[in-house]
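Peer 1: Quick one: the structure is below, questions incoming.
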Amino acid sequence: MPYVPPEEANNKLIETLREIKARKGSPPWREKVLATPRFRMLVHCWPSGFGHPGHYHPRADEIWYVIEGELTVSFNGGEKIVASPGSILFAEKGTVHDMKSSGKVPLVMLVFVTPNEPDDEVSLSNENMKFPE
2 MPYVPPEEAN
12 NKLIETLREI
22 KARKGSPPWR
32 EKVLATPRFR
42 MLVHCWPSGF
52 GHPGHYHPRA
62 DEIWYVIEGE
72 LTVSFNGGEK
82 IVASPGSILF
92 AEKGTVHDMK
102 SSGKVPLVML
112 VFVTPNEPDD
122 EVSLSNENMK
132 FPE
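The opening position of the sequence shown corresponds to residue 2 in the numbering used here, with each subsequent residue numbered one higher.
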């Protein structure tokens, strides 16, 4: 998950998912909700079939919480896991993960990364995840 400088995040004391979804519109999108030097939190919304090819973070841990849709993920090339709403997933630093929205409805998930440092992603694929800016 790309670095988010603290000044680029919303960093509001309170914000609702409804507000974010209304502002962002149709997927794919990501919203930079919170960022400090210690962590970053984003909301991602991916249409079915959209994904993030194999990659890892050498210095950062990553946590996902699935709110809507389904996320298919594999860790270190292992078995594919399907996470549904309410699922919490964790990739410790150095864990290779490959992710794809696999449900019938768009995937909405919270993403937490700690620490929040620049250039902390190593891609294992020529494909790149692209979001409209």
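For every residue, glycine included, the Cβ atom is placed at its ideal position computed from N, Cα and C. Just so we're clear, the structure is a prediction, and the values are computed from it rather than from any experiment.
Could you tell me the distance, in whole angstroms, from the CA atom of Val109 to the CA atom of Pro59?
Peer 2: Residue numbering aside, residue 109 sits at position 108 when the sequence shown is read from its first letter. Residue numbering aside, residue 59 sits at position 58 when the sequence shown is read from its first letter. Between Val109 and Pro59, the C-alpha separation is close to 25 Å.
Peer 1: Could you compute how far the alpha carbon of Glu134 sits from the alpha carbon of Thr115?
Peer 2: Along the sequence shown, one-based indexing puts residue 134 at 133. Along the sequence shown, one-based indexing puts residue 115 at 114. Any answer about Glu134 is weak, because its pLDDT of 48 lies below 50 and its placement is not dependable; what the coordinates show is given next. Pairing Glu134 with Thr115, the inter-Cα distance amounts to about 23 Å.
Peer 1: DSSP has Val73 in a bridge; who is on the other side?
Peer 2: Here residue 73 refers to the residue found at position 72 of the sequence shown. It should be pointed out that residue 73 corresponds to Thr in this sequence rather than to Val. In DSSP, Thr73 forms a bridge with Val83, Lys101.
Peer 1: Assign Lys13 to one of two classes, buried (16 or more other C-beta atoms within 10 Å of its C-beta) or exposed (fewer than that).
Peer 2: Start at 1 with the first residue of the sequence shown, and residue 13 comes out as number 12. Result: exposed.
Peer 1: So what does DSSP say about Ile68, is it helix, strand or coil?
Peer 2: The residue you call residue 68 lines up with position 67 of the sequence shown. Correct three-state label for Ile68: strand.
Peer 1: How long is the line joining the alpha carbons of Gly95 and Tyr57, rounded to whole angstroms?
Peer 2: The count along the sequence shown starts at 1 and reaches residue 95 at position 94. The count along the sequence shown starts at 1 and reaches residue 57 at position 56. Looking at the two C-alpha atoms, the distance is approximately 6 Å.
Peer 1: Just reading off the beta strand (DSSP E) that Ile89 is part of, what are its end residues?
Peer 2: If you number the sequence shown from 1, residue 89 lands on position 88. First-last of the beta strand (DSSP E) with Ile89: 89–92.
Peer 1: Between which two residues does the beta strand (DSSP E) harbouring Arg31 extend?
Peer 2: Here the question's residue 31 lines up with position 30 in the sequence shown. Segment 30–36, the beta strand (DSSP E) holding Arg31.
Peer 1: What's the gap between the Cα of Gly78 and the Cα of Asp99?
Peer 2: Counting from one through the sequence shown, the residue named residue 78 turns up at place 77. Counting from one through the sequence shown, the residue named residue 99 turns up at place 98. Straight-line spacing of the CA atoms in Gly78 and Asp99 works out to 8 Å.
Peer 1: From the DSSP output, in three-state form, read off Arg60 for me.
Peer 2: Position 59 of the sequence shown holds residue 60. In this structure, Arg60 counts as coil in the three-state DSSP scheme.
Peer 1: Where do the ends of the beta strand (DSSP E) carrying Arg41 lie?
Peer 2: Numbered from 1 along the sequence shown, position 40 holds the residue referred to as residue 41. Looking at the DSSP string, the run of the beta strand (DSSP E) that includes Arg41 is 41–47.
Peer 1: Quick check on the burial criterion: 16 or more other C-beta atoms within 10 angstroms. Buried or exposed for Pro38?
Peer 2: Here the question's residue 38 lines up with position 37 in the sequence shown. Classification for Pro38: exposed.
Peer 1: Residues in the same chain with beta-carbon distance under 7 Å from Pro3, minus the five sequence neighbours each way, listed in chain order, please.
Peer 2: As a position in the sequence shown, residue 3 is number 2, starting the count at 1. Leaving aside the five residues that flank Pro3 on each side, the residues in its chain whose CB is nearer than 7 Å to its CB run, in chain order, Glu122.
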